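A.B. asks: Sequential numbering from -12 applies to the sequence shown in this note's numbering. Glycine included, every Cβ here is placed at the ideal spot set by N, Cα and C. Predicted model, so just to flag it, every value in this text is computed and none were measured. Sharing a structure, written as structure tokens. Questions coming.
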Amino acid sequence: MIGIFRFLIPARVLTLFISEALLIFGCYAAASFYASDVPGSVFLFETDWLLLLIPVGVILLGFYFTDLYAELRAPSLTVLLQQLSVAVGFALVAEALVSYLDLDLALPARIVITGSLLTVAAVLLWRRLFSAAIQSGVASRRLLFLGMSPSVEQLSEHLRQHPELGMTPMGYLDDGNPGPVSTSLQRVGSRSSLLQGIDEYKPSWIVVAKREQVGPEWVDEFLRLRFGGIDAADVAGFYEITRARLCLAEMRLGDLLFGDSLRPNQFNVNLQSMYSMLLALVVTPIVLPLLAILALLVKAASPGPVFVREERAGMNGVPFTIRRFGVMDSGGVPRTSRLGRFLERSGWAGLPLLWNILRGEMTFVGPQADRPEFADRLNQAVPYNIQRTVVKPGVTGWAQVHDLGDDPMHDALRRLEYDLYYIKNLSPSIDVFVLLRSLRDLLSFGI
């Protein structure tokens, strides 16, 4: 895994992206070579290679918008072909637009068509090969767990379901019966057999289930393992770097009361308020025509108010008022069968929240703002939930761009894990990542 934006991106995702960028560029370069009237000996000097970057960049952007980098295991051949066709279609449209604006920047039609066909065939084959490689565990790093806990079960199951992370759980070492254990993770020995387990399974990581169970006698042994190229981590830290969220089950009250691990960097908090305000000032004049059009559509589709006012719990629990398009009734059901559902599910109903950013009550990225009564109930039922309010709420956030599930309480717990991770790692780089993901979801809704 590779550290980017202060969180980790799987090395396999980055490898796939770079390899496909080179592959697509090669396809269009080959199409240019064979479709060109210039003799091969002078082709390299006569061709403007920068023109090839337009379709390559658009196709990679199309891969991102169609979620081809979210799941590296290739879907069915039909689904994969459809996704590739959509991405290549973006490139054809982009080339048509470029040729309309400036003919000198556009590639000849025969190069575009030939390169697009080569791209579909080459990427289709490469994706199938890459998917087979990661499923077979090629270059996968081995994990050996020391001890067993529910968090170890969750982590091992997550790693098995996401082979793109490049981590393979080998089993766990524990003394006696630790209670209910995962059916997919087997006990491979006792704690005292750690050295034998290392010799047999050759792990890259030793993950400790409970840090307090590692006695002083283990210190020298773990130091020798690290010098020997075997890393060690507790399950809470490994859970965080692989799942991009904190593990509530492994958190301790002292982390909140006596430490700074759950507190944001104050400089980044102040910086976030500044660039959120500046971005809102830039975006608002651009969005105003769209707001006016949507307001007219909402008014024409429903007899109710165009905008509704709702109270929310803001920073430090201070209540404030937001305005949203009036597409939902008091029960949370869309007032209009089509427009209301579209605006809510796509996120367009929240465009009026720009006003709250300009007022300094919200930022573009942050924890979701709850209704005060709902926030009070969660603060009583869920430990650490009040920590979500140490920063301003956001229009979108780290939790919102992840799939949270359907169960309300389970959803609240997972959302808190994501929000605490965001607060701990708050920075401009993670905000940029969230905004790009949100923009993708906003523009690709329904694709």
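May I have the straight-line CA-CA distance separating Tyr408 from Gln148, to the nearest angstrom?
C.D. replies: 22 angstroms
A.B. asks: Below 6 angstroms CB to CB, which residues in the same chain sit around Ile373 once its five sequence neighbours on both sides are set aside?
C.D. replies: Asn366
A.B. asks: With H, G and I counted as helix, E and B as strand and the rest as coil, what does DSSP make of Ala386?
C.D. replies: When secondary structure is reduced to three states using DSSP, Ala386 falls in the coil class, being assigned neither helix nor strand.
A.B. asks: Identify whether Ile217 lies in helix, strand or coil by the three-state DSSP scheme.
C.D. replies: In this structure, Ile217 counts as coil in the three-state DSSP scheme.
A.B. asks: For Phe209, which residues from the same chain have a beta carbon less than 7 angstroms from its beta carbon, with the 5 sequence-adjacent residues on both sides left out?
C.D. replies: Ala219
A.B. asks: If we count the other Cβ atoms within 10 Å of its Cβ and call it buried at 16 or more, is Ile273 buried or exposed?
C.D. replies: exposed
A.B. asks: Is it true that the segment 34 to 54 meets the segment 81 to 88, where meeting means three or more beta-carbon pairs spaced less than 8 angstroms apart?
C.D. replies: The segment 34 to 54, when compared against the segment 81 to 88, does touch it at the 8 angstroms Cβ threshold.
A.B. asks: In terms of DSSP beta bridges, what is Val175 paired with?
C.D. replies: For Val175, which the question treats as bridged, DSSP gives no partner whatsoever.
A.B. asks: Indicate the three-state DSSP secondary structure (helix, strand or coil) for Ala74 in the structure shown.
C.D. replies: helix
A.B. asks: Pairs of beta-carbons, one from the segment 329 to 341 and one from the segment 248 to 257, closer than 8 angstroms: are there three or more?
C.D. replies: no
A.B. asks: For Asp89 and His145, I'd like the C-alpha separation in whole angstroms.
C.D. replies: 49 angstroms
A.B. asks: Would you identify the three-state DSSP class for Gly102, choosing helix, strand or coil?
C.D. replies: helix
A.B. asks: With a CB to CB cut of under 6 angstroms and the five nearest residues on each side skipped, what residues in its chain are close to Gly49?
C.D. replies: Ala74, Phe77
A.B. asks: Helix, strand or coil for Val274, going by three-state DSSP, please let me know.
C.D. replies: helix
A.B. asks: Please return the same chain residues whose Cβ sits closer than 6 angstroms to the Cβ of Ser6, not counting the five positions on each side in sequence.
C.D. replies: none
A.B. asks: Nearest-angstrom Cα distance between Ser414 and Glu151?
C.D. replies: 26 angstroms
A.B. asks: Would you check if the distance between the CB atom of Gly301 and the CB atom of Glu360 is smaller than 7 angstroms?
C.D. replies: no
A.B. asks: Quick one: give me the first and last residue of the alpha helix (DSSP H) that Val436 is part of.
C.D. replies: Residue 436 cannot be examined here, being either before or after the span of the chain that is shown, -12 to 434.
A.B. asks: On the three-state DSSP scale, how would you describe Leu325?
C.D. replies: The residue asked about is misnamed: residue 325 is Arg in this sequence, not Leu. Of the three classes helix, strand and coil, the one that applies to Arg325 here is coil, per DSSP.
A.B. asks: Quick one: grab the DSSP three-state call for Leu429.
C.D. replies: helix
A.B. asks: I need the DSSP call for Val285, collapsed to helix, strand or coil.
C.D. replies: helix
A.B. asks: With a cut-off of 8 angstroms on the beta carbons, I'd call Tyr159 and Arg174 a contact; round off their distance for me.
C.D. replies: 6 angstroms
A.B. asks: Which first and last residues belong to the alpha helix (DSSP H) in which Pro359 is found?
C.D. replies: 359 to 368
A.B. asks: Helix, strand or coil, according to DSSP, for Tyr371 in the structure here?
C.D. replies: coil
A.B. asks: Terminal residues of the continuous beta strand (DSSP E) containing Ala93?
C.D. replies: Ala93: not part of any beta strand (DSSP E); DSSP gives it neither H nor E.
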